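Everything below concerns the one structure shown next.
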Amino acid sequence: EASFHADRMNPVEAGYEPEKDEQGQPLEDGPFYTQEELDVVKATLSSNAAMAHTMLKNWGYARKDATKAVGHDPKNVKAWYRLAKANQMLKKWEEAGDAIESGLAVPGEDKNADLLKLQKLLESKIRKARQERQKRERARAERAVKVKGVWKHCDESGIGLGRVPLVASVTDEEDEELGDDDEAQEARWHNHFPHTGLLPERSQIDGEWTWPVMFIYPSHRQSDFVRHFGETEMLALRMAEMFPEPEDTGSTETHMPWDYNNEFKCANLAIYFEVHCTERKREPVHPESVERLKTQGEAMRFFESSRALKGDEGQEMANLARLVERKKLHQQRKAWKKAHGSLWAKPDPSSVVRVHPAATLTDVLTDSRMVVPSFLVTFILFPEDHPAHKEFLKERNCLGIIQPETAG
Numbered sequence: 066e067a068s069f070h071a072d073r074m075n076p077v078e079a080g081y082e083p084e085k086d087e088q089g090q091p092l093e094d095g096p097f098y099t100q101e102e103l104d105v106v107k108a109t110l111s112s113n114a115a116m117a118h119t120m121l122k123n124w125g126y127a128r129k130d131a132t133k134a135v136g137h138d139p140k141n142v143k144a145w146y147r148l149a150k151a152n153q154m155l156k157k158w159e160e161a162g163d164a165i166e167s168g169l170a171v172p173g174e175d176k177n178a179d180l181l182k183l184q185k186l187l188e189s190k191i192r193k194a195r196q197e198r199q200k201r202e203r204a205r206a207e208r209a210v211k212v213k214g215v216w217k218h219c220d221e222s223g224i225g226l227g228r229v230p231l232v233a234s235v236t237d238e239e240d241e242e243l244g245d246d247d248e249a250q251e252a253r254w255h256n257h258f259p260h261t262g263l264l265p266e267r268s269q270i271d272g273e274w275t276w277p278v279m280f281i282y283p284s285h286r287q288s289d290f291v292r293h294f295g296e297t298e299m300l301a302l303r304m305a306e307m308f309p310e311p312e313d314t315g316s317t318e319t320h321m322p323w324d325y326n327n328e329f330k331c332a333n334l335a336i337y338f339e340v341h342c343t344e345r346k347r348e349p350v351h352p353e354s355v356e357r358l359k360t361q362g363e364a365m366r367f368f369e370s371s372r373a374l375k376g377d378e379g380q381e382m383a384n385l386a387r388l389v390e391r392k393k394l395h396q397q398r399k400a401w402k403k404a405h406g407s408l409w410a411k412p413d414p415s416s417v418v419r420v421h422p423a424a425t426l427t428d429v430l431t432d433s434r435m436v437v438p439s440f441l442v443t444f445i446l447f448p449e450d451h452p453a454h455k456e457f458l459k460e461r462n463c464l465g466i467i468q469p470e471t472a473g
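Numbering (our numbering), first residue to last: 66 to 473.
So, in structure tokens, the structure goes:
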């Protein structure tokens with residue numbers, strides 16, 4: 066209650082005297098405080114509240130009130146100690162170290178026994194936490210340089226980049242509704258593109274760019290991942306390694322254990338990529354669709370959010386990234402509902418473009434219809450005569466074929 070009234074008190078100038086009535090009685094009731102005096106009062110009240118929460122082991126509230134106290138009066142050593150103690154119990158080692166050092170920096174308090182004792186107790190944990198933060202900051206700076214390099218290369222080469230939502234729900238309740246139902250969890254994500262957390266890289270030897278590439282085989286529910294696929298590399302050469310002709314290996318069968326009918330042969334495969342970001346300007350993007358990355362800043366924020374959600378920046382940053390992504394997903398859902406009435410009013414399946422095996426990755430990347438979601442190039446492969454291939458082409462509009470001499 067005292068804190069409530071203190072927060073609503075207005076400070077006065079030093080030497081302030083209230084006006085008096087005809088009988089000489091003040092027209093205003095005191096006491097009156099200058100800003101400095103009021104800050105000391107507020108700091109004392111907040112520090113006492115922090116002490117009460119400390120005794121009750123309400124460490125989150127203790128931290129909140131101690132933070133308010135030192136904000137009002139940075140010379141309040143007791144508040145610094147209580148803030149350090151709360152951070153200790155919350156295992157926020159670096160913040161605890163900062164509070165201890167701030168308390169010891171108060172004039173005349175460099176020998177404060179309580180703070181020195183706590184400092185000695187937490188010394189190794191504080192040092193380790195600071196080293197880990199510095200390591201994260203270096204990694205973040207290195208990632209920023211890499212994303213800038215990738216964006217510059219894509220911008221100069223005419224390569225389109227896209228992003229997808231990094232979360233599939235906007236509330237915790239939405240997650241809880243699914244519970245432990247694995248099929249429901251899988252269905253929730255079935256339209257979301259994988260995110261490897263990897264970026265294209267430039268070779269230090271020959272300067273060629275390589276991309277992470279995913280090969281998906283819907284007919285057999287299988288996939289392959291290639292970490293480094295060179296831009297000048299021909300798809301046919303890579304596929305010959307992955308799916309050699311049986312006669313070339315001296316066998317009568319393909320080497321994939323899941324290829325029961327021996328259909329996955331290099332010369333027998335059709336290659337496609339999906340066409341994304343076909344919406345007209347200012348048209349909303351469905352939450353399960355790919356959204357084009359328009360600026361370097363957008364690309365950097367998307368990649369950093371993905372790394373944070375993978376745990377690179379600690380739990381607090383993961384929680385923050387999740388909140389930001391949920392807000393964006395909520396806005397996308399709201400815009401789509403406004404335009405189409407329901408999230409179930411989904412766009413038609415993405416069109417596809419067939420790729421000639423003799424085409425290089427550059428031929429594909431620089432095609433105006435190609436947008437790379439999540440920095441991961443994805444190809445869809447089918448055996449030519451497989452029923453799943455025919456069903457795929459019934460559902461999807463094939464816009465043509467990329468051949469080496471007509472690429473782009």
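Even for Gly, the Cβ is constructed at its ideal location relative to N, Cα and C.
Predicted model, so just to flag it, every value in this text is computed and none were measured.
For residue i, the first and last residue of its enclosing beta strand (DSSP E)
{"i": "L446", "result": "V442 to P448"}
{"i": "L128", "result": "Correcting the residue type first, residue 128 is Arg in the shown sequence and not Leu. From DSSP, R128 is part of no beta strand (DSSP E) but of the alpha helix (DSSP H) over W124 to H137."}
{"i": "G225", "result": "G225 to R228"}
{"i": "L464", "result": "C463 to I467"}
{"i": "V436", "result": "V436 to P438"}
Range covered by the alpha helix (DSSP H) that runs through residue i
{"i": "S112", "result": "Q100 to M120"}
{"i": "R303", "result": "L300 to M307"}
{"i": "C219", "result": "A178 to S222"}
{"i": "P412", "result": "Element bounds for P412: n/a, residue is neither H nor E."}
{"i": "G162", "result": "W158 to L169"}
{"i": "L394", "result": "G379 to H405"}
{"i": "P452", "result": "P452 to E460"}
{"i": "A149", "result": "V142 to M154"}
Proximity winner among the options, relative to residue i (alpha-carbon distances)
{"i": "M435", "options": "E202, G225 and K200", "result": "G225"}
{"i": "S111", "options": "Q196, E348, E306 and L148", "result": "L148"}
{"i": "P322", "options": "Q287, E460 and D271", "result": "Q287"}
{"i": "E197", "options": "L169, S439 and D377", "result": "D377"}
{"i": "A233", "options": "L186, R292, E102 and L374", "result": "L374"}
{"i": "M116", "options": "T431, F367 and A144", "result": "A144"}
{"i": "E369", "options": "F440, G125 and L458", "result": "F440"}
{"i": "P311", "options": "R303, T297, L302 and C331", "result": "C331"}
{"i": "H395", "options": "V235, Q380, T319 and G168", "result": "V235"}
{"i": "P277", "options": "S268, R267, V291 and L464", "result": "V291"}
{"i": "E101", "options": "Y126, K200, N141 and K392", "result": "N141"}
{"i": "A410", "options": "K156, E353 and G168", "result": "E353"}
{"i": "D271", "options": "Q468, E356 and G295", "result": "G295"}
{"i": "A151", "options": "Y126, Q269, Q199 and H320", "result": "Y126"}
{"i": "M120", "options": "M154, P139 and D138", "result": "M154"}
{"i": "D237", "options": "D428, D220, R387 and P422", "result": "R387"}
{"i": "I466", "options": "P438, F447 and D432", "result": "D432"}
{"i": "L231", "options": "F447, N384, T443 and A424", "result": "N384"}
{"i": "I191", "options": "R345, I165 and E306", "result": "I165"}
{"i": "E344", "options": "R303, M307, W401 and S371", "result": "W401"}
{"i": "L302", "options": "R128, A424, E221 and D324", "result": "A424"}
{"i": "T297", "options": "V429, W216, G168 and L446", "result": "V429"}
{"i": "H421", "options": "L180, E318, M299 and R357", "result": "M299"}
{"i": "N327", "options": "R461, G227 and F447", "result": "F447"}
{"i": "T476", "options": "F367, V215, C463 and P309", "result": "This structure does not reach residue 476, given that the chain is present from 66 up to 473, and the question cannot be answered."}
{"i": "K157", "options": "D175, A170, L181 and W124", "result": "W124"}
{"i": "P172", "options": "P139, A161 and K182", "result": "P139"}
{"i": "M365", "options": "Q468, M304 and L264", "result": "L264"}
Those residues which DSSP pairs with residue i across a bridge
{"i": "Q287", "result": "Y282"}
{"i": "Y474", "result": "Because the chain here runs from 66 to 473, residue 474 falls outside it and cannot be looked at."}
{"i": "W276", "result": "F294"}
{"i": "L374", "result": "The partner list for L374 (beta bridge, DSSP) is empty, contrary to what the question assumes."}
{"i": "R267", "result": "W274"}
{"i": "T425", "result": "M299"}
{"i": "D356", "result": "Reading off the sequence shown, one finds Glu at residue 356, where the question assumed Asp. Looking at the DSSP assignment, E356 forms a beta bridge with R228."}
Any chance the stretch 129 to 141 sits against the stretch 98 to 117, with 3 or more Cβ pairs inside 8 Å?
yes
The stretch 180 to 189 touching the stretch 205 to 215, judged by at least three CB pairs closer than 8 Å:
At 8 Å Cβ cutoff, the stretches do not touch.
Would the stretch 392 to 412 and the stretch 347 to 354 be scored as touching if the rule is three or more Cβ pairs under 8 Å?
Judged by Cβ distances under 8 Å, the stretch 392 to 412 makes contact with the stretch 347 to 354, as three or more pairs qualify.
The stretch 281 to 295 touching the stretch 444 to 463, judged by at least three CB pairs closer than 8 Å:
yes
Across the stretch 410 to 424 and the stretch 326 to 346, are there enough close Cβ pairs to call them in contact, namely three or more that are closer than 8 Å?
yes
Stretch-stretch touch, CB-based, cutoff 8 Å, three pairs: the stretch 353 to 365 with the stretch 457 to 472:
no
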